[in-house]
Amino acid sequence: MQKYYNVGKIVNTHGIKGEVRVISKTDFADERYKPGNSLTLFMPEAKEPIELTIKSHRKHKNFDLLTFEGYENINEIEKMKGGILKVSEDQLGALEDNEFYYHEIIGCEVTTTSGEEIGKIKEILSPGANDVWVIKGKGGKELLIPYIEDVVKSVDVKTKQIVIEPMEGLLS
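So in UniProt numbering the end of the sequence shown lands on 172, straight run, no missing numbers.
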């Protein structure tokens, strides 16, 4: 049974020439959406996923705009709205040391170097220079932890454990 990972959601069409507007859920948009690459489209009501080959990719505002081989106009892609674009596990590829996929980090338990339990990572933000991990802390409080060497000391995706060395004021 093949495992699939979410890389984006088609939220709308763009223009009349078959372009779709995608909200990305991938760290590697330029690599993931390279022309010639394939994605699998999962529609809520469809039984079978649809294999798509990327024809073009460009950035526009906060979206990735994609076209697919064999889909030339708005009428053919209109029905893709709301669909989830995924890649199969064998398309993930190897990462460098200290690089992780979102699905490996989300759900990890975070503790400090002194053993204090902080909470669980619930989402990842990519505001700029480095990712920021959003932790649901005790009492539902959200904590923001920058993914930088000074703070994140160890990541074990197998045991879902992350150890941090909080900077002054980080957890208050």
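Every residue, glycine too, gets a C-beta built ideally from N, C-alpha and C.
By the neighbour-count criterion, in which a residue is buried when 16 or more other Cβ atoms sit within 10 angstroms of its Cβ, GLY107 is exposed. Looking at the DSSP output, ASN6 shares a beta bridge with LYS86. Sixteen is the threshold: when 16 or more other Cβ atoms of the shown chains lie within 10 Å of the Cβ of SER24, as they do, the residue is buried.
Here GLU69 is actually not in contact with LYS17; their C-beta atoms are around 13 Å apart, not less than 8 Å. Shown here for GLU117: same chain residues with a beta carbon closer than 6 Å to its own, the five before and five after excluded, namely THR111 in chain order.
Between the alpha carbons of ASP150 and PRO166 lies a gap of roughly 8 Å. For LEU143, same chain residues with a beta-carbon under 7 Å away, outside a window of 5 residues either side, are ILE118, GLY119, ILE135, GLY137 and LEU171 in chain order.
Under the rule that a run must span 3 or more residues, the beta strand (DSSP E) segments found entirely inside the UniProt domain "PRC-barrel" (98 to 171) read 109 to 112, 117 to 125, 132 to 137, 142 to 146, 152 to 156 and 161 to 164. ASP30 counts as exposed, since fewer than 16 other beta carbons sit within 10 angstroms of its beta carbon. For ILE77, the secondary structure class from DSSP, reduced to helix, strand or coil, is helix.
GLU19 is classed as buried because its beta carbon has at least 16 other beta carbons within 10 Å across all chains shown. When LYS122, GLU109 and GLY139 are compared, the shortest CA-CA separation from VAL132 is found for LYS122. A distance below 6 Å between beta-carbons, with the five flanking residues on each side excluded, links LEU52 to the following residues of its chain, in chain order: LEU39, LEU41 and PHE68. Of the candidates PHE63, HIS60, ILE74 and LYS79, LYS79 places its Cα closest to the Cα of ILE50.
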